[in-house]
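Visitor: For the record, the sequence lines run as chains E and L. Just so you know, we're using the UniProt record's numbering here: the first sequence kicks off at 1 and counts up by one. Just so you know, we're using the UniProt record's numbering here: the second sequence kicks off at 1 and counts up by one.
Protein chains: 2
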Amino acid sequence: MSKQVTIKQIAQYAGVSEATVSRVLNQPELVSKQTIQKVKDGMDELQYRPSALAQSMRNHTTKTIGVVISNVLNPFFTTLVRGIEDAATKRGYSVIVCNTDENPDKEQRYINMLVDHQADGIILASTGNHANYHSMVNDMPLVFIDRMPQGKDANLYDTVLVDNEKGSFNAADALIKQGATRVNAIVSPVATTGTERLNGFRKALTAHDFPIREQDIALDDYLGQHTAELALNLIQTNQCDALFCGNNVILMNVLKVLKEWQIGDMKLAVFDDQPWFDFVQYPIISVDQPAYLIGTKAFITLMDRLANPDRPVTHDIVRTKLVIR
Amino acid sequence: MSKQVTIKQIAQYAGVSEATVSRVLNQPELVSKQTIQKVKDGMDELQYRPSALAQSMRNHTTKTIGVVISNVLNPFFTTLVRGIEDAATKRGYSVIVCNTDENPDKEQRYINMLVDHQADGIILASTGNHANYHSMVNDMPLVFIDRMPQGKDANLYDTVLVDNEKGSFNAADALIKQGATRVNAIVSPVATTGTERLNGFRKALTAHDFPIREQDIALDDYLGQHTAELALNLIQTNQCDALFCGNNVILMNVLKVLKEWQIGDMKLAVFDDQPWFDFVQYPIISVDQPAYLIGTKAFITLMDRLANPDRPVTHDIVRTKLVIR
DNA sequence: CTTGTATATGAAATCGATTTCATAAAGGCG
DNA sequence: CGCCTTTATGAAATCGATTTCATATACAAG
Chain E
1 MSKQVTIKQI AQYAGVSEAT VSRVLNQPEL VSKQTIQKVK DGMDELQYRP
51 SALAQSMRNH TTKTIGVVIS NVLNPFFTTL VRGIEDAATK RGYSVIVCNT
101 DENPDKEQRY INMLVDHQAD GIILASTGNH ANYHSMVNDM PLVFIDRMPQ
151 GKDANLYDTV LVDNEKGSFN AADALIKQGA TRVNAIVSPV ATTGTERLNG
201 FRKALTAHDF PIREQDIALD DYLGQHTAEL ALNLIQTNQC DALFCGNNVI
251 LMNVLKVLKE WQIGDMKLAV FDDQPWFDFV QYPIISVDQP AYLIGTKAFI
301 TLMDRLANPD RPVTHDIVRT KLVIR
Chain L
1 MSKQVTIKQI AQYAGVSEAT VSRVLNQPEL VSKQTIQKVK DGMDELQYRP
51 SALAQSMRNH TTKTIGVVIS NVLNPFFTTL VRGIEDAATK RGYSVIVCNT
101 DENPDKEQRY INMLVDHQAD GIILASTGNH ANYHSMVNDM PLVFIDRMPQ
151 GKDANLYDTV LVDNEKGSFN AADALIKQGA TRVNAIVSPV ATTGTERLNG
201 FRKALTAHDF PIREQDIALD DYLGQHTAEL ALNLIQTNQC DALFCGNNVI
251 LMNVLKVLKE WQIGDMKLAV FDDQPWFDFV QYPIISVDQP AYLIGTKAFI
301 TLMDRLANPD RPVTHDIVRT KLVIR
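1. With a Cβ-Cβ cutoff of 8 Å, do residue 137 of chain L and residue 111 of chain L count as a contact?
2. Taking only beta-carbon positions, decide if residue 52 of chain E is within less than 8 Å of chain L.
3. Relative to the C-alpha of residue 232 of chain E, which candidate in E:261, E:178, E:212 has its C-alpha closest?
4. May I ask you to report which of helix, strand or coil DSSP gives residue 42 of chain L?
5. Going by the CB atoms, is the gap between residue 53 of chain E and residue 118 of chain L shorter than 8 Å?
6. DSSP on residue 247 of chain E, reduced to helix/strand/coil?
7. Kindly indicate the opening and closing residues of the alpha helix (DSSP H) around residue 169 of chain E.
8. Counting pairs of Cβ atoms below 8 Å between the stretch 90-100 of chain L and the stretch 34-46 of chain E, do you hit three or more?
9. Against residue 255 of chain E, what residues of chain L qualify as contacts under a CB-to-CB distance less than 7 Å, listed in chain order?
10. Which stretch, first to last residue, makes up the alpha helix (DSSP H) that contains residue 152 of chain L?
11. Return helix, strand or coil for residue 323 of chain L, following the three-state DSSP convention.
12. What is the rounded straight-line gap between the Cα of residue 316 of chain E and the Cα of residue 192 of chain L?
13. Does residue 158 of chain E get closer than 8 Å to chain L when you measure Cβ to Cβ?
14. Would you report the Cα separation of residue 17 of chain E and residue 63 of chain E, rounded to the nearest angstrom?
15. Can the beta-carbon of residue 259 of chain E be found less than 8 Å from the beta-carbon of residue 279 of chain L?
16. Compare the beta carbon distance of residue 175 of chain L and residue 269 of chain L with 8 Å and say whether it is the shorter of the two.
17. If the criterion is Cβ atoms closer than 8 Å, does the pair residue 198 of chain E and residue 183 of chain E meet it?
18. Candidates E:124, E:207, E:244: which alpha carbon is nearest residue 294 of chain E's?
19. Check the Cβ-Cβ distances between residue 168 of chain L and every residue of chain E, and say whether any is below 8 Å.
20. Distance, Cα to Cα, residue 1 of chain E vs residue 140 of chain L?
21. Taking residue 297 of chain L as part of the beta strand (DSSP E), name the residues at either end of that continuous run.
22. Is the stretch 101-109 of chain L in contact with the stretch 162-171 of chain L, if contact means three or more CB pairs nearer than 8 Å?
23. Indicate the three-state DSSP secondary structure (helix, strand or coil) for residue 66 of chain L in the structure shown.
24. Answer with buried or exposed for residue 34 of chain E, where buried requires no fewer than 16 other C-beta atoms within 10 angstroms of its C-beta.
25. With a Cβ-Cβ cutoff of 8 Å, do residue 68 of chain L and residue 10 of chain L count as a contact?
26. Any C-beta of chain L within less than 9 Å: which residues of the stretch 78-104 of chain E qualify?
27. In chain L, which residues lie with their C-beta within 9 Å of the C-beta of residue 130 of chain E?
28. Using the Cα positions of residue 74 of chain L and residue 37 of chain L, report the straight-line distance between them to the nearest angstrom.
29. With a Cβ-Cβ cutoff of 8 Å, do residue 162 of chain L and residue 318 of chain L count as a contact?
30. Closer than 9 Å, Cβ to any Cβ of chain L: which residues of the stretch 107-132 of chain E, in chain order?
31. Give me the chain E residues within the contact set of residue 73 of chain L, using Cβ-Cβ distance strictly less than 7 Å, ordered along the chain.
32. Take the Cβ of residue 213 of chain E as the centre, count every other Cβ of all protein chains shown within 10 Å, and call the residue buried at 16 or more, exposed below.
33. Compute the Euclidean distance between the alpha carbons of residue 152 of chain E and residue 132 of chain E, then round it to the nearest angstrom.
34. For a contact defined as C-beta to C-beta under 9 Å, what are the partners of residue 259 of chain E on chain L?
35. What residues in the stretch 263-295 of chain E have a beta carbon less than 7 Å from any beta carbon of chain L?
36. Give the list of continuous alpha helix (DSSP H) stretches no shorter than 4 residues that lie fully inside the stretch 5-57 of chain L.
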């Protein structure tokens with residue numbers, strides 16, 4: 001292992017002190033032209049690169065943030081993460097991505113890890129089962145995305161969310177306007193989003209004077225193990241002609257059932273939009289969330305908070321767009 | 001900012017030296033039972049968590065690896081990344097994901113960043129435009145995935161790849177067996193994969209005594225700006241009845257064209273498989289790459305290399321699976 | 001009672017940077 | 001020419017851990 005080139009060797013090479021080398025990098029206006037040249041020659045010659053680790057140690061900033069989401073495999077989160085990464089890179093930040101799989105323990109462990117690594121902040125789609133974030137992160141800035149924070153610390157933190165209720169209302173409303181007579185729903189009761197989406201769904205039914213039957217609504221588990229079963233039950237028992245899916249994973253499972261049982265006639269709506277919806281034989285109605293934008297906004301919010309820790313908490317709600325096919 | 005609890009404060013609390021506190025964590029067998037208890041009490045009381053930064057500084061290992069890919073938004077890479085992350089988490093490693101967008105400069109910058117952060121290693125789907133990896137990473141272990149390394153250092157590094165040629169051969173072969181009479185191809189000339197996939201495609205044509213016409217093959221740019229145009233040209237000019245797409249992004253763009261021009265009859269094959277292919281009206285033939293497995297294998301290879309820097313270079317080729325619909 | 005060996009602990013060096021404080025040289029001014 | 005202010009630089013402390021080396025105590029063996 002050819003060992004790493006340190007500031008010491010540059011100092012030696014240039015015949016100056018380490019302090020001077022450091023100044024060449026950070027406050028060159030304090031150093032004479034000739035010395036700067038000597039030092040820079042040394043850096044080039046020895047291919048010096050300052051240790052980010054040592055800098056973090058001294059400066060108490062790692063230029064690293066954590067992103068805690070349920071699963072990068074979910075394209076909504078993928079896009080969101082990409083939004084964060086692009087914004088972060090532009091500002092010289094690195095991103096550590098953590099998948100909780102909706103498991104609160106995993107979330108806890110990842111947050112601890114990020115605290116240990118002294119991340120400068122965390123962007124968090126929380127499972128929502130933590131009472132006291134503040135004691136977990138010890139003053140590290142937190143930005144909540146996708147899901148509202150719960151517990152007593154909830155109001156301490158910045159959020160970037162979408163209007164789940166309105167989006168779902170619009171989707172269910174569109175199904176009915178397309179002539180659906182019995183609209184069922186499958187949602188995932190994850191954090192705050194499930195409830196909000198269900199509320200929107202219910203309100204749309206009510207607005208159209210549709211009765212709300214509890215057997216028309218199925219609650220999925222996040223992992224999607226039983227989605228197919230639930231869907232089949234709704235379809236067969238209730239004879240529904242339209243289905244509202246709480247997220248893209250649920251839709252995928254519903255499509256599987258429809259295909260397997262060769263059910264050709266079903267109006268579908270889903271919260272979240274994906275490009276391939278265009279190519280499916282069913283005309284899928286979707287609620288397009290600006291995932292990438294949520295990512296960049298969350299990152300900017302985090303930066304603002306870092307720059308000004310005492311500024312008032314912000315709550316950003318980004319707009320969804322109904323896509324009718 | 002309530003400042004961070006350091007080993008010093010635990011030492012003070014327990015009335016011992018910092019060395020002893022450190023030993024409680026790392027070599028408790030050297031410490032007396034009562035002292036351990038005192039120290040542990042202090043840790044609990046003050047909620048001590050060792051600074052990963054300081055540990056990295058001393059131990060010369062960050063327990064962090066870099067993953068450099070073209071784009072997480074590509075579901076192939078998403079899955080791959082998830083495979084890496086799961087394996088890494090299990091071993092206490094964190095992952096920093098970097099998107100190059102096939103831009104060699106970005107790749108260079110990210111690699112530098114990872115070197116600066118003293119990542120323990122890098123898993124790399126390289127754009128392939130770097131002559132000398134070794135001088136870039138300075139003895140940091142590198143595992144190449146998806147694309148073969150090029151340049152003079154190529155044979156220095158472990159690889160985990162798929163058999164592109166065979167996969168493509170099978171896909172084109174299946175198209176022809178399904179009765180295609182004129183098979184065209186669009187591939188992305190990225191790194192080594194484009195050429196290999198094209199080779200497989202050509203061999204399949206030859207095996208069936210089909211002529212190989214160069215106008216039947218279109219080279220896409222990675223960003224997919226002109227894919228639609230190219231596809232339309234192949235379809236209209238060549239009157240092809242089957243199209244082989246070099247990756248899932250290309251397929252997506254082809255589907256757009258087919259939809260827009262209402263072309264109902266087209267046999268499609270694509271390198272890489274996605275769940276939603278099941279729901280598209282065309283019976284898509286696909287080459288399923290075990291992306292998740294590639295991820296875990298790459299991580300394990302990296303760990304092996306770290307454990308034994310001098311062991312011979314390994315070249316792992318994972319199996320693809322032809323999916324016929 | 002002395003010597004030798006475990007056992008338990010602490011002081012200090014170290015990792016690679018940054019920053020404060022002190023100092024030396026150079027230049028400006030009356 | 002002496003005094004004061006810039007300008008340029010270095011020595012040493014610091015960030016928070018780990019590890020080496022030395023030392024002190026306890027206990028066993030002779």
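Glycine is no exception: its CB is placed at the ideal position from the N, C-alpha and C atoms.
Guide: Working from what's here:
1. yes
2. With 8 Å as the cut-off, residue 52 of chain E counts as an interface residue toward chain L.
3. E:261
4. helix
5. yes
6. coil
7. 164-177
8. no
9. 279
10. From DSSP, residue 152 of chain L is part of no alpha helix (DSSP H); its letter is neither H nor E.
11. Strand at residue 323 of chain L.
12. Distance from the CA atom of residue 316 of chain E to the CA atom of residue 192 of chain L, rounded to whole angstroms, is 44 Å.
13. no
14. 27 Å
15. yes
16. yes
17. no
18. E:124
19. no
20. Model confidence at residue 1 of chain E stands at a pLDDT of 47, short of 50, so the residue's coordinates are unreliable; what they give is reported in the following sentence. Their backbone Cα atoms lie some 8 Å apart in a straight line.
21. Note, residue 297 of chain L: premise wrong, no beta strand (DSSP E); alpha helix (DSSP H) at 291-307.
22. no
23. strand
24. exposed
25. no
26. 78, 79, 81, 82, 85, 86, 89, 92, 94, 95, 96, 97, 98, 99
27. Going along chain L, no residue has its Cβ under 9 Å from residue 130 of chain E, so there is no contact; the nearest lies around 16 Å.
28. 51 Å
29. yes
30. Of all residues in the stretch 107-132 of chain E, 109, 110, 112, 113, 114, 115, 116, 117, 118 have a Cβ within less than 9 Å of some Cβ in chain L.
31. 78, 79, 82
32. Classification of residue 213 of chain E: exposed, given that the 10 Å Cβ count is below 16.
33. One C-alpha to the other measures close to 7 Å.
34. The contacting residues are 278, 279.
35. 275, 276, 278, 279, 280, 281
36. 7-14, 18-26, 33-46
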